[in-house]
Amino acid sequence: MSDKKWTAEQLAAITTRDTNLLVAAAAGAGKTAVLVERIIGLITDPHRPVDVDQLLIVTFTNAAAAEMRERIGQALSKALQENPHSKRLARQLTMLNRASITTLHSFCLDLLRRYFYQLDLDPGFRVADEVEAELLRLDVLEELFERRYNQDNVEVFARLVDSYGGQRDDSRLQDLVLELYRFSGSHPLPVQWLTSLAENYVIPEGKTLDDQTWIVQIKKTIFQEVEGVLGLLKQAQWLAKQPGGPEPYSKTLTEDIINIKPLTNNDWDASWEKLYRSITAIKWSKLSPCRGEIDDQLKNKAQNLRNKAKEKFNDIINTYFSAEPTVILEDLRSLQPLIADLAKLTIEFMELYQKKKQAKGLVDFGDLEHYCLTILLDKENDAAEFRPSAVAIELQQQYAEVLVDEYQDINAVQETILRLVSKKNNRFMVGDVKQSIYRFRLAEPKLFLSKSELYANTDNCQGTRIGLSKNFRSRLEVVNAVNFIFRQIMTKKAGEITYDELEELHCGADYPQAEDVKTATGPVEVYLIDRKDAQLEEQNTDSAEEKLTDGEEQEDLDSDQAEARLIGRRIQAMVKGTDKAMGPEFKVWDKEIGKYRPVSYRDIVILLRATTGRANTFLEELRTMGVPTYAEVGTGYFEAVEVETFLSLLKIIDNPRQDVPLAGVLRSPVVGLKASDLAEIRLCSKEGDFYDAVRIAAAADLGDVAVTLTKFLRQLENWRSRARRDTLADLIWLLYRETGYYDYVGGMVGGTQRQANLRVLYHRAKQFEATSFRGLFRFLRFVERLKDSGSDLGAARSLSENEDVVRIMSIHKSKGLEFPVLFVAGLGKRFNMMDLNKDMLMHKELGLGPQIIHLGSRVSYPSLPKLLIKQQIRKESVAEEMRVLYVALTRAREKLILVGAVRDLEKSLEKWCTSTYQAGWTLPDAELMAAKCYLDWLCPAIARHHNGHELRSLAKTEGQPFSEVATDPSAWQLVFQALKDIKNQTQENKEQSQGLLVKIKDMEPFEDAGLIKEVERRLSWQYPRAEVTTRPAKAAVTEVKHKFDELARQEAGVMSYRPKISGRPRFLQQDKGLTPAERGSAIHLVMQHIPLDKLPDEEGVQVLLQNLIQKEILLPQQAAAINPNHITGFFASSIGQRVLQAPKVERELPFSLALPATEVYQELPECGDEMVLVQGVIDCLVDEGDGFLLIDYKSDAVYPGQDSPVDRYRGQINLYARAVQDILGKPVKDRVIYLFNNGQIVHI
């Protein structure tokens, strides 16, 4: 067990054995540390130790798996240092590389490679990347639809195409098949699930709607919606009875309530016919007129509430009861053959796609899990039982424990795999369902929730639940704020989980108190931007809620700009200070240096719900304000001018008869024509396509234009020829070179980014051709598919995110990370519910919900199953958005700032404050589930806090909120901004900038703003260790040996003992023989490989030389330069005998030694702890037990009058000896130079 202090809950998670364990780890609770400690505990358990390769450790990403392996390795290394003689720990460290620490996909892939023969798979199969898989799917779809069109009986298929194929072609039906294929892949038995889809629409004669299994859920939804209507009427009635209220309304409102209330009795046994008659019979009376002194505000509120109730009730009628029950029943029956054929079509696609992949030796990522299931399931498997196969039972015996990280994000297929490889009591699952935000990847948080509820019951015998609620990340202010919000909004009904004491965060972070240091403590800041001056009026229809109009997109752009400018000013004030207080506003705690430091740009992150289409606006605005910003945007690539131009060039190389791309290329710098030139070309041939006009114009008398066109057509023909012969990547690079376009964009504004974008296109082409697809046409088709689907490659990176920049990222990207200062922006942006508008909705439990379409009248309306699925998906989506908000707020370490824009603050406040005086902590579920943006949760919650009095005041509500909520210890600071004010401030800044530019132009001096000294200080600053930067940080022994020898001046003419062998061409070596240095290197090679088990003789040396030539270690020319007598002479000497008799000899031993810079470069001034890395190779090191004998070989000739070898090589040998003593911790007792030329032994 490590020395770290664990909480009681963490200790229980680490030490509990012999049961399935579900660890609900809240944000910042240290779950990874707990997981690693549990693994180390299992390995080092003195009573029941487990080998590391007996553990299956499953993580969510490859990066997490690598980090987990590294952390386990570090923990094992630390344990081994504490117990260096433990053979078991050393063995575990050795086995770590083959331990099963992996993602589930990698685990499945490993299983496929081992048991491919059970699956009829090519043993050399490979995993197709998404590009190749997508292209193959498109080919399969086209082939499948072509087959269907050519069948004899196509009546049902034709109806399917006409109903769901789209207006012009069948592309929407193809997309539907693909979507259904992917969706079914999250089910363990996809074919069975698809086959069962039509069962909901099998309604025999004599059966009614009340006989359908799903009708009860429809009724439940209707009753809930009617309860919402009743709630609005009761609120209106309460207002009518208030002093000054519209009392005459009370009678009508009471009648409304009496009429509506019977519909909320949850009469499940009532027939649909009866429900239809009851609801459609409701009539609304006219409100009585009000006379006398009436509070107009109360009157208007009561009217608005009743009108809203009427609208909601009419929506219920229009949605569920727009047709007679008998009509609805017949329409449902008509759907059965369509759903059955759609399921059959998807199964046919699945089978054909599988055959195509097998023919190419491919599997895709979806196959990995399902193939793995096939291996792990018994061949006679019952779908309800999931019996393990022999392979699964073998794995159950192999793994002592199965540990799963991020368990809240798995799906049913993954759960089945984990269950099959686990025993009944050896699963450790850790996660936080409040952070399950991958439903779009078909994750199922219900799997976590069901286990959590089951294991929380102490009477169950299947497992144990342990909660880790202590947050070691955030300051108390952040923890209190998060708890305050989610106590009110995260309920079982609205958020799928109740945020109670078990789920609340408890502050465990320890931020040291420091005198005279201003830290980031303080309230959570909330900035609300009022867009009331926007020109567009809010549309109240459901379609307006779920589908953005062009006007709304413009409003979003304006609000994004406003939010970015507001955030930019706040960042600058935070980092640079204000006119009143210069310098950073506060300091943040730096874990690495262990102290507080001033806040900087890199401490700040801006989170957005989605960066697509929005991050670019923030980047542009912030950079304009001088805030260095980085974002990994997911869009903007295909819209980049340079990419669009080059794709146009590729298109006309593929097919020049495309007018728009051709005109674009001619107008671009690739050709360089003007708009008037294009007009002249068109006039040369007014009929036909533009390519014909270009060819005619090239032969016409148009002067320079004709010359340019002739040259271009010649180039185009050459490029088209190369496109047929060369690879796509080679063609693209050829075009970059021949057109000069790559160099051209490098000279444009943002040239580095533009060139990076073109390089991405080149690498994408290489990646494409690494698949089984080839050719320019297919590549362009793939690019078009990407664009049509709304996908984008994202602009290429041109800035490292590790620089001192503010980072912008999506909330999903931020999961698992933490930031000192956090802005959460775009909180007023509507939730994306556009998927609810599709003709066909899908749900894992409820099946398919189609639109009913009458082809003759072209009238369509949603089927009842679709309405049910739509309601369920919306409910699940709202719960997911709530968890996304939780993830966002819990990323903050020290400072949390919330920013959002609303269309009309006054109207919004009226809505937000309707439940201000609600008793208890939680807000009404109906209100929570009706939220359309994050502010619809945040502001009603904050309005109930004592810091939220400004919200209540602006909403003109009276009274005090529930006291327990109002006195919560969280702290909030509300700031209101009008959109026009932010724009006006920007205009003022522009006018001020214009004034400064005029002064610069007129060479007039600026007024002193008190920054002259600071400017002088910065401009005159010099790096204190500038001299150190002029010296190498790494050096070879031969380069620095003179630093350790007082006779260095005499060594200037001595050649390095080991230069590169192949310095001269081989033909020169044959003519003139080897240089002394090359001959010395050959001797070193022989001495490195000669056996030491016996005294070598001349014959043995000759045999060795021939072996080295055969192994291509020595060249024949080098072997010829070796004198065997020199070798045998060495071993006959006293030094050679010591080498032969030694128990251990190291030859050609490399080493690295860190030395203080001042020791190597003595001329440098004091430079602190700067080090220089010295590297070298020791020729021979002999361990004689009581010390080392160090031998250095020299082949130099020694002539009369020449310096002694001792003088020349003393520094080098001294460094070798020092390295041996420092690294191996044993003295060098004897240092020797052996001169092969004369057999002399020189002791140093």
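In the numbering used here, the protein residues as written are 2 to 1245.
C-beta: ideal position from N, C-alpha, C; glycine also.
Rounded straight-line distance, which links the Cα of residue j to that of residue i
i	j	result
residue 683	residue 758	33 Å
residue 90	residue 39	15 Å
residue 1047	residue 1213	Bear in mind that the predicted position of residue 1047 carries a pLDDT of just 40, short of 50, making it unreliable; the figure below should be weighed with that in mind. Looking at the two C-alpha atoms, the distance is approximately 12 Å.
residue 965	residue 922	8 Å
residue 578	residue 881	38 Å
residue 354	residue 333	31 Å
residue 1062	residue 1037	Any reading at residue 1062 is ruled out, since the residue's pLDDT is 41, under 50, leaving its predicted position unreliable.
residue 341	residue 849	11 Å
residue 173	residue 885	30 Å
residue 246	residue 218	39 Å
residue 675	residue 668	6 Å
residue 1247	residue 897	Here the chain covers residues 2 to 1245 and nothing more, so residue 1247 does not appear.
residue 546	residue 903	Unreliable placement is indicated for residue 546, whose pLDDT of 40 sits below 50; no coordinate value is reported for it.
residue 195	residue 223	29 Å
residue 519	residue 891	23 Å
residue 379	residue 45	36 Å
residue 1209	residue 1227	26 Å
residue 509	residue 973	21 Å
residue 733	residue 763	6 Å
Candidates the options, of which the one nearest residue i by Cα
i	options	result
residue 19	593, 465, 946 and 200	465
residue 1255	133, 888 and 115	Since the first and last residues shown for the chain are 2 and 1245, residue 1255 lies out of range.
residue 311	919, 922 and 229	229
residue 854	1225, 380, 325 and 864	864
residue 112	293, 377 and 153	377
residue 1234	958, 1181 and 1228	1181
residue 935	867, 976 and 832	832
residue 370	1027, 109, 671 and 103	109
residue 286	1097, 259 and 1133	259
residue 618	604, 149 and 564	564
residue 602	570, 609 and 614	570
residue 1145	1189, 1155, 727 and 26	1189
residue 274	307, 220 and 974	220
residue 214	239, 1178, 201 and 608	201
residue 805	520, 511 and 630	630
residue 162	338, 907 and 96	338
residue 877	93, 438 and 78	438
Rounded distance between the beta-carbons of residue j and residue i, thought under 8 Å
i	j	result
residue 699	residue 707	6 Å
residue 822	residue 1161	That belief does not hold up - the Cβ atoms of residue 822 and residue 1161 are roughly 42 Å apart, past 8 Å.
residue 494	residue 926	4 Å
residue 1269	residue 1084	Outside the modelled stretch of the chain, which goes from 2 to 1245, sits residue 1269, for which no answer is possible.
Where residue i sits in the DSSP three-state scheme
i	result
residue 898	strand
residue 546	Legend: pLDDT at residue 546 = 40, less than 50; position of this residue unreliable, value from coordinates given subsequently. Helix at residue 546.
residue 598	strand
residue 508	strand
residue 893	strand
residue 1157	strand
residue 472	strand
residue 446	helix
residue 846	coil
residue 705	helix
residue 429	strand
Chain C contact for residue i (CB, 8 Å cutoff)
i	result
residue 1027	Absent from the structure: chain C. Only one protein chain is present.
Extract the residue ranges of the beta strand (DSSP E) inside the stretch 613–642, only unbroken runs of 3 or more that lie entirely within it.
The qualifying runs are 630–632.
Whole beta strand (DSSP E) elements within the stretch 899–981, 3-residue minimum:
Here the runs fully enclosed are 973–979.
Taking only runs that begin and end inside the stretch 1145–1193, name each unbroken beta strand (DSSP E) of 3 or more residues, in chain order.
Restricted to the stretch 1145–1193, the beta strand (DSSP E) segments that are unbroken, complete and at least 3 residues in length are 1145–1157 and 1172–1184, listed in chain order.
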